[in-house]
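What follows is a single structure, written as structure tokens, with notes after it.
There are 2 protein chains.
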Amino acid sequence: MANRNRLIADKENLRQEILDVAREMFVVEGFANVSMRKIAEKIGYSPTTIYLYFKDKADLLHQICEESFAQLARNVLSIQQLSANSLEKLRMGMREYINFGLKHPSHYEIVFILPIQISFEGGYESSQGKIAFQTLRSNVSQCVDDKLLKNNDVELISQTLWAGIHGVTSLLITHCGFPFVEREKLVESVIETLISGIKA
Amino acid sequence: MANRNRLIADKENLRQEILDVAREMFVVEGFANVSMRKIAEKIGYSPTTIYLYFKDKADLLHQICEESFAQLARNVLSIQQLSANSLEKLRMGMREYINFGLKHPSHYEIVFILPIQISFEGGYESSQGKIAFQTLRSNVSQCVDDKLLKNNDVELISQTLWAGIHGVTSLLITHCGFPFVEREKLVESVIETLISGIKA
DNA sequence: TTATTTAATTTAACAGTGTTAAGTTATTTT
DNA sequence: AAAATAACTTAACACTGTTAAATTAAATAA
């Protein structure tokens, strides 16, 4: 009944194709509006085939999250390796985080806004997410070493900054009906307020 | 089949009882895990009765949101009417917002994290939510009048602060598995960083 | 090559979901 | 008491995630 003209020759890649198709659908239609049957139809397999590669719908989401986290982690890591003022790198890293979220709103939604309560029973932990946060923390740590901040509690400052940049990102994504000021202006304001708030 | 020993004598209050029961269930079990049938069973009516009082499940959520928003609006409004330093009142208002969210995590989740994308088709707008934000804005405006801030763009500052306090609240609620520093410490840090960042 | 085992995939079904149209009961009005 | 209106329920539709069992295809062994 389903489309038999499969696009993938190598069946070993079926798992990856499910991931790609599911991500695209989640991004376009939203996690809740995508059923396992719809995914299955799109890849040309029966719904149950997906369960041979993923435990359940939540697991499928997890795997997608990990890939998104990984991309973000790579982006912020590449910034950290630039040769610039440590505070400036911190600023750039924060901006990259926000830009990543605004450029891929549904990815961000899936990773940072929705999933944890959706599928928390299995004790979801993202290794890639930890890497992204650790990069922020090491940026902060460098600033402390350079004596550029008024406080030297690296963990506290890092989490404070994360709260701030997550706040503006998630607000702009989920409250899209609210009459926000110009996007770039608000993002800049949040970053500058936070930096100014922690600077020595 | 359903329980006929109805708790409410006055049938005019059925609508309010549905709201109360649904809120309680949403808070305890989460929006997605509560079905119309479960709500109906708890109030002792058939599932379709709910549709006589609410357009659909999303509408039911909206009404609950409005009530939550109203409570928050009352709380922050009562703070604004205290006779204290305007910057101090701003600080207290921000703290009240965060505390409200952490004290009623599922309410906050329903109102500020989830609903807008869940039921955006009908053009959802919260009047009570606007009042809550307007209170914050007028707090900021008073600070500007008192020349306590380094910038006088009231709208921009208000949205920047909202982003910050929403960030820490939502992060603490949804990423409950993350090893955050002590809650009170983080909340204090976010507020102080933001205030310090906008102060003259 | 054929027989057997293993892997890959599907069929059918369960128990649940939001929602609607039509039917029924109860209450109010005439 | 009869008619009209409101309150509520029954039954059904078209979905959902998920599982157990059956089937088909591929790989291995005789």
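Line order of the protein sequences matches chains A and B.
Under the numbering used here, read the first sequence as residues 1 to 200, first letter to last.
Under the numbering used here, read the second sequence as residues 201 to 400, first letter to last.
For every residue, glycine included, the Cβ atom is placed at its ideal position computed from N, Cα and C.
Residues bridged to residue i [DSSP beta-bridge criterion]
| i | result |
| --- | --- |
| B:Asn399 | Residue 399 of chain B is actually Lys in this sequence, not Asn. In the DSSP output, where bridge partners are listed per residue, B:Lys399 has B:Leu349. |
For residue i, the first and last residue of its enclosing alpha helix (DSSP H)
| i | result |
| --- | --- |
| B:Leu282 | Per DSSP, B:Leu282 belongs to no alpha helix (DSSP H) and is neither H nor E. |
| B:Thr360 | Val354 to Thr374 |
| B:Phe226 | Leu214 to Glu229 |
| A:Ile113 | First-last for A:Ile113: undefined, no H or E at that position. |
| B:Ala240 | Met236 to Ile243 |
Cβ separation of residue i and residue j, assumed to be a contact under 8 Å, to the nearest whole Å
| i | j | result |
| --- | --- | --- |
| A:Thr193 | B:Ile398 | 6 Å |
| B:Ser306 | B:Val227 | 4 Å |
| A:Gly167 | B:His366 | 5 Å |
| B:Asn275 | B:Glu296 | 5 Å |
| B:Leu349 | A:Ser189 | Contact flag wrong, Cβ pair sits at about 12 Å. |
| A:Ser86 | A:Asp146 | 5 Å |
| A:Ile39 | A:Ala22 | 5 Å |
| A:Ala163 | B:Gly364 | 7 Å |
Cβ shell of residue i (< 8 Å), same chain only, five flanking positions each side left out
| i | result |
| --- | --- |
| A:Lys89 | Ile79, Gln80, Leu82, Asn139 and Gln142 |
| A:Gln63 | Leu19 and Phe54 |
| A:Ile113 | Ser170, Ile173 and Thr174 |
| A:Val154 | Arg137, Val140, Ser141 and Val144 |
| A:Asn13 | none |
| A:Ala200 | Lys147, Leu148, Leu149 and Lys150 |
Contacts around residue i, its chain only, beta-carbon distance under 7 Å, and the 5 residues preceding and following it disregarded
| i | result |
| --- | --- |
| A:Ser35 | none |
| A:Leu186 | Val168 and Phe180 |
| A:Ala132 | Phe69, Leu72, Ala73 and Val76 |
| A:Ile191 | Arg91, Met94 and Arg95 |
| B:Arg215 | Tyr253 |
| B:Thr249 | Ala240 |
| A:Arg183 | Leu172 |
| A:Pro47 | Met36, Arg37 and Ala40 |
| A:Asn151 | Ile157 and Ile198 |
| A:Ile98 | Ile165, Val168, Thr169 and Val187 |
Residues of its chain near residue i, where Cβ-Cβ distance is below 6 Å and the 5 sequence neighbours each way are ignored
| i | result |
| --- | --- |
| A:Phe120 | Below a pLDDT of 50, predicted positions are generally treated as unreliable, and A:Phe120, at 39, falls in that range; the measurement from the model is reported next regardless. Closer than 6 Å at the Cβ level, and outside the excluded window around A:Phe120, lies no residue. |
| A:Ser158 | Leu136, Arg137 and Val140 |
| A:Ser127 | none |
| A:Gly177 | none |
| B:Gly329 | Phe269 |
| B:Glu224 | none |
Give, in chain order, every residue of the region 379–391 of chain B whose Cβ lies closer than 7 Å to some Cβ of chain A. From the region 379–391 of chain B, only Phe380, Val381, Lys385, Leu386, Ser389 and Val390 have a Cβ closer than 7 Å to chain A.
Name the residues in the region 359–378 of chain B whose C-beta lies less than 9 Å from a C-beta of chain A; which are they? Among the residues of the region 359–378 of chain B, those with a Cβ less than 9 Å away from any Cβ of chain A are Gln359, Thr360, Leu361, Trp362, Ala363, Gly364, Ile365, His366, Gly367, Val368, Thr369, Ser370, Leu371, Leu372, Ile373, Thr374, His375, Cys376, Gly377 and Phe378, in the order of the chain.
At a CB distance below 7 Å, what residues from the region 332–347 of chain B approach chain A? Give them in sequence order. Listed in chain order, the positions of the region 332–347 of chain B with a beta carbon within less than 7 Å of a beta carbon of chain A would be empty, since no residue qualifies.
Return the residues of the region 73–96 of chain A that lie within a Cβ-Cβ distance of less than 9 Å from chain B, sorted by chain order. Under the 9 Å Cβ criterion, the region 73–96 of chain A contributes no residue.
Short of 8 Å Cβ to Cβ, which residues in the region 99–110 of chain A face chain B? Within the region 99–110 of chain A, the residues whose Cβ lies closer than 8 Å to some Cβ of chain B are Glu109, listed in chain order.
Which residues of the region 239–255 of chain B have a Cβ closer than 8 Å to any Cβ of chain A? Give them in chain order. Cβ contacts with chain A: none found.
Members of the region 215–230 of chain B near chain A, C-beta cut-off 8 Å: Correct list: Gly230.
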